[in-house]
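Each remark here refers to the structure printed beneath this line.
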Amino acid sequence: MPSNNLALTLPAISKKNDVNAENPFKMPADTDILMLREKEKQQKIYEREMNKNLKVHQKLTHNRKMVEGMKSGLKPQISDDENDDDFDDLGKIKSFPVKEDRTWTVAVTRDRRIEKESLKDYINKKREMFFVQYSLGVKRDEMRKLEEIAAAEEKRIEMAEKYLEEDAALFDEFLKENGNNSTQAVKIAEEETRKKTEKSNEIKKINTQIMVLKSEITKMEDTLKEYKLYKKFLDKVTPQALKEAKNGKKYSSKSRLDSSKSSSTIDQKPGSAAETSQSKSSLSVVNEAVEKDNDDEASDEDEDMELYFSDPQQLLDIFLELEEQNLSLIQNSQDTEEALEEMKQTINKTKQKMERETELLKKQIEYLNEDIKREMDRENDLKIKASYFNYGEFKAEEQEKILKELNSKVEDVYINCIGSNEANISTLQMLTNIENKLEELFQKIEQMPPEKVQEAEKAKEKERRLKQREERIIEQKRNQEERIKKALERARAEPKKNMGRRLMVRSKPPATVKIDRKALDEANKIDEELAYYFT
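Position 400, counted from 1, in the sequence shown is what the UniProt record's numbering calls 400; the numbers after and before it change by one each time, with no gaps.
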């Protein structure tokens, strides 16, 4: 609003009487406007410098400055020291009406350039003035309310300070009491610690005494154990006759005690019920005490039993007898150990022999299984061949030829293994004789030592390898001779001279050669069978 700007830019009203104060509506010159600006600047600089030296609570806000300007315009005779008090008095007034005072108007409009205005402008300014006055009244009411709230807060703070002082006094009393209690507690604690240290020292002394006594007790127990061992040894060494005599005495004393107890129980007479119950209870107590004493006495007698040995020579004599017995026992034990060693050796030998025999039997079983499998395969092959013969796949002449070859081969084997065939036996009979001969040879091989059998197998294997090597060398020589022969023939042949360029044709794809795998496999199988049976 322009009224607020006017309130901010109002200069301080001087107390001197001016000539132009009577006519505030005089038109100022152009220079007066510049001077007014300079004055405003100087006034602002002055106020700024003054505010720098003031404290925070002494500085004025925007509203406070407006009120100060109004006060300076309305009451120019009031001094600067009384401004704060008057402002406080103004806060207590509910409304601060602005009257149409000529002097105030002159003070406000001093050094201002006033132009002519229309009625509409005048009404607008009046409206603005009303709004300003209304806002000032509202602000004064708010200030009054805030001052009331501040007064109430001050009262509350005073009461709080009062309560705080009372609490501080109570707290001081509490601290004093606490200090007294702490001093008493410290004294009591010192007394208790002193007593505790005394007790701990006494406990340490008692513990040291206990440890000394325990060490002595352990030493005595060790010596007692040692003596008991000695006593046990002497009891074992004592003759058996003396032990039996002492045991008889002990049993007789026990029987006497038992008879005395039974007689004491029989001699008692019956009385009234109360007396009998009391007597029974007393007798039971007495009997228990007597039995305890008797047990203690018996144990003491057992412990305090007199020793047989009265002279060390007796013990030496017993030692000599025991030594002789020990020597005889040692000799017997050595003999038994030697016999045991011999038995162990024989057991080991028999065990090794049995292991070797079991291994041989296992190998024979494996060989027999392999032979059985091989014979079964041969049987299947023979069945297939027989089926071929039966179905007429071979001619009669070829069959006769194959049978003759087979007969001749079997006869050669029979002659080499058994002897001459003077009786002209059949092929089957020759085969059975060959099998029987093989069985006899197998039995002989089993009866022979395995070392010799292994040596013979190694020799045969060596001969077979040598034979194969010789055959391979002969084959290599023959192949080499054939290669040399072919090379000589190529060298002796006339060289062919190629005349001109060789005719070339277009490249053709390679010709696919169809191979009948089934027929080839059958032919290979037949060749293998023939080689197996007739070679």
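Backbone N, C-alpha and C fix where the C-beta goes; we use that ideal spot for every residue, glycine too.
Predicted model only: the values in this text are computed from it and were never measured.
Provide the residue span of the alpha helix (DSSP H) that contains residue i, from first to last.
| i | result |
| --- | --- |
| N498 | That residue, N498, is in no alpha helix (DSSP H); it is neither H nor E in DSSP. |
| S182 | L119 to V237 |
Give the DSSP-derived three-state secondary structure of residue i in the structure shown.
| i | result |
| --- | --- |
| P450 | helix |
| N53 | helix |
| R37 | helix |
| P312 | helix |
| S421 | Note that residue 421 corresponds to Asn in the displayed sequence, not to Ser. DSSP places N421 in coil when its eight states are reduced to three. |
| Q345 | helix |
| K514 | coil |
| S408 | helix |
| R506 | coil |
| K444 | helix |
| K59 | coil |
| S426 | coil |
| L530 | helix |
| K92 | Note that K92 has pLDDT 43, beneath the 50 cutoff, so the model's placement of it is unreliable and the number below is only indicative. In the structure shown, K92 sits in a helix (DSSP, three-state: H, G or I). |
| E82 | Confidence at E82 is low in this model, with a pLDDT of 43, below 50, so its placement is unreliable and no value can be given for it. |
| K99 | Bear in mind that a pLDDT of 46 at K99, under 50, signals an unreliable position, so the number given afterwards is only what the model happens to contain. K99: coil per DSSP, three-state reduction. |
| E522 | helix |
Does residue i have its Cβ less than 7 Å from a Cβ in chain C?
| i | result |
| --- | --- |
| K55 | Here there is only one protein chain, and chain C is not present. |
Can you tell me the Cβ-Cβ gap for residue i and residue j, rounded? I've got them flagged as a contact below 8 Å.
| i | j | result |
| --- | --- | --- |
| Q364 | E451 | Q364 to E451, Cβ: 17 Å. No contact. |
| V237 | L315 | 7 Å |
| D371 | E529 | Rounded, the Cβ-Cβ distance is 20 Å, inconsistent with contact. |
| K59 | N53 | Between N53 and K59 the Cβ distance is about 10 Å, and since that is not below 8 Å, they are no contact. |
If you measure from the CB of residue i, is any heavy atom of the ligand ATP nearer than 6 Å?
| i | result |
| --- | --- |
| I418 | Here there are no bound small molecules, and the ligand ATP is not part of this structure. |
Would you call the segment 352-359 in contact with the segment 493-503, where contact means no fewer than 3 C-beta pairs closer than 8 Å? Taking a cut-off of 8 Å for Cβ pairs, the segment 352-359 and the segment 493-503 do not touch, as fewer than three such pairs fall below it.
Below 8 Å, how does it come out for the segment 318-330 and the segment 405-424: are there three or more Cβ pairs, yes or no? Because the criterion of three Cβ pairs below 8 Å is not met, the segment 318-330 and the segment 405-424 do not touch.
Check whether the segment 412-420 touches the segment 428-440, taking contact to mean three or more Cβ pairs, one atom from each stretch, closer than 8 Å. As far as the Cβ criterion goes, the segment 412-420 touches the segment 428-440, which means the pair count is three or higher.
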